[in-house]
Amino acid sequence: MNERIAQYRDKISGYWNNFSKKQKILLVSTLAFIIIAIVVLTMQFTKTEYEVAFRDLNANDAAGVIKYLDSAGIPYQLNAGGTQISVPTANADKAKVDVGSQGLIQKGSIGMSAFDQSSSAIGMTENEFNVKYNNALNGEVQQLLERMDGVQSSKVVINMPKENIFAGLEEKDKASASIQMEFEPGFTPNQQAIDGYFNLVKTAVPNLPVENITITNKEYELIPTAKGGQGGLTSGVQENMALQKKFESDVRNNVQQFLSKIVGDDKVNVLVMSQLNFDKVTSKEQMVTPVDQTKMKGIEISAQQIQESYTGSSGQTGGVAGTGTQDVPGYPGGANSGNTSSDKSSSTINYEVNRIARDIIQSPYTVKDLTINVAVEPPTGQQTLDTATQTAIQNILVNIVRASLANSGTTFTDADLAKKVSVFSQAAPAPTSTNTFFSASNPWMWGIGAAVLALLAGVIFFIVRSRRNQEEELDEELQLMPTPTEFPSITMESVTNESQVRKQLESLAKKKPDEFVNLLRTWLADE
């Protein structure tokens, strides 16, 4: 056995000694590289890969997740100061589903799940219930806010008023809410998002007006549109400016397109300036009109007539007119007598009229002012527009302005409308070069161009003709050359020594020098 091992060892040492130094180094380095590669690949494929399954955890949420992972036997790694937990990639999906179903991540808030656990076997007191309800309400609002885009974390404190059975609905105290929010890096909420935060809190908490909600972040306070936030105003102004620009662009395009058919394309420049009224007016009208417009009367719905008549005699007895000391001076006497009659009639008629109630909402987009300035390039050969064309264009623009300002609420005369329109001539732009010698319409330029073309044509013809003559002369020389003589062949394949080749060439040069020279020329020509 030992002899066989020694034989193998001798054979291996013999093979090893047969290699050169470079071959030994190459073999050793190759084996070392293969061993290192096998070790690295084994470690790479056998190690456990972790991925971040839970991030942005607070201490309470992280503790609950770790407790679950320990009970489930899932390994984990804490990262980022305990705010992130990584689990093996194979167990990541299951861990996320289990943790989410159990509600272990609450972002520091418990919510209504606080009532799932009772602190006492016999129930809870009213004060304990109120505290738990308040905390649960804070947690629910916090969870709602943190589900919105861009919100990283929040802290909510809601103060519920104490109930008073002697207070009416209007006299009841209102709830209040104080909220501190942190947004993701680079995120800035717009006014629409801010209004969404306030409306969410308002609808989640009973008896909580927007005025009693305060939302802040680390830098400033968020203000809703109802409390004077500028976000809604800014968006409204931007919308109004966009509408005004669109109106001016439509007027400009219409005027330019119409006038281009009269004076030609690319010969009209239009400048439009406008002022729009964006005030939204709401009014109510209650009108009473007669049914019969001709007689200005309504429909008789009831009528009442009363007529009285009286006929009889009357007499008066008495003394003479007062003249005594006890009588009233000038008092008439009572000696008159005769027949009396009286008539009395009255009529009451009730008419029904048309009663019209209207709620009118006027459109906020009304043109208050409009000016149109048009620059027209005159026809070729004219410095200015003729009077007829200018007057026609001005009349067209005045009609456009009159139609646009019809609902402005202001009466404009023809003179006022004419002031809002301006038409003037704009000469064609002068050429960049003032030297008329090089203009395309100059006949000298045409003559010089023709001469240059003729010169180029002559040069090309001369070059082509000279090349053709050279080719003809070369063909003639080739035809006059004598037929090459056949030289004695030297079998180079049968010659195995340079001395033999040299001897054959020397003998050829001595015996036939002319043929040797021609042979050299032929070899040189072939090469």
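Taking the UniProt record's numbering, the leading residue of the sequence shown gets 1, the next gets one more, and so forth. Glycine included, every Cβ here is placed at the ideal spot set by N, Cα and C. These numbers were taken from a predicted model, which means no experiment stands behind them.
Query	Result
Run of the alpha helix (DSSP H) containing T89, from where it starts to where it stops	T89 to Q102
Extent of the continuous beta strand (DSSP E) to which K21 belongs	Per DSSP, K21 belongs to no beta strand (DSSP E); it is in the alpha helix (DSSP H), K21 to T46.
Inter-residue CB distance, N91 and I74 (contact presumed, cutoff 8 angstroms)	5 angstroms
Among E221, K227 and N217, the one whose alpha carbon lies nearest that of V210	K227
Buried or exposed by the 16-neighbour rule on C-beta atoms within 10 Å, applied to G139	buried
Beta-carbon gap between E182 and S153 smaller than 8 angstroms	yes
For F198, three-class secondary structure by DSSP	helix
For L78: DSSP bridge partner residues	I85
Three-state secondary structure assigned by DSSP to T294	coil
Residue environment, S345, which counts as buried when at least 16 other CB atoms sit within 10 Å	exposed
Nearest neighbour of I393, chosen from N58, Q304 and N269 [CA to CA]	N269
Sequence-distant residues of the same chain with beta carbon closer than 7 angstroms to D149, five excluded per side	none
S86 vs Y50 beta-carbon contact at 8 angstroms	yes
Spatial distance of Q191 from E239 (CA atoms)	14 angstroms
Other residues of its chain near L69: CB distance less than 6 angstroms, five sequence neighbours each side excluded	Y76
Residues near I213 in its chain [Cβ-Cβ closer than 6 angstroms; skip 5 each side]	A177, F198 and V201
Cβ neighbours of P161 in the same chain (closer than 8 angstroms, five flanking residues each side left out)	K172, D173, K174, A175 and N207
Rounded distance between the beta-carbons of N339 and G298, thought under 8 angstroms	Not a contact, Cβ separation roughly 44 angstroms.
F54 in three-state terms, based on DSSP	strand
Coarse secondary structure for K344, derived from DSSP in three states	strand
Strand pairing of Q307, partner residues [DSSP]	S345
G139 CB to nearest heavy atom of the ligand FMN below 7 angstroms	Ligands displayed in this structure: none; no statement on the ligand FMN is therefore possible.
One or two residues paired with N373 in a DSSP bridge	L271 and S422
Where D61 falls, given that 16 or more other Cβ within 10 Å makes a residue buried	buried
Residue span of the beta strand (DSSP E) that contains A177, given as start and end	S176 to F183
With 16 other Cβ atoms within 10 Å as the buried cut-off, status of K245	exposed
Touching by the beta-carbon criterion (3+ pairs, under 8 angstroms), the segment 342-357 and the segment 288-298	yes
Straight-line Cα distance separating I179 from S101	28 angstroms
Close beta carbons around V157, own chain, < 8 angstroms, minus the five adjacent residues each side	N138, A177, S178 and I179
CB-CB length for A204 against L144, believed under 8 angstroms	6 angstroms
Other residues of its chain near T83: CB distance less than 8 angstroms, five sequence neighbours each side excluded	R55, D56, L57, N58 and A62
Euclidean distance between Cα positions of S341 and E308	11 angstroms
Integer Cβ distance of V255 from V374, believed to fall under 8 angstroms	7 angstroms
Sub-8 angstroms separation of I247 and L276 beta-carbons	Before going further, note that residue 247 is Phe rather than Ile in the sequence given. Contact: yes.
Whole-angstrom C-beta distance between L27 and F19, which should lie under 8 angstroms	7 angstroms
Proximal residues to Q257 (C-beta, below 6 angstroms), its chain only, five neighbours per side dropped	none
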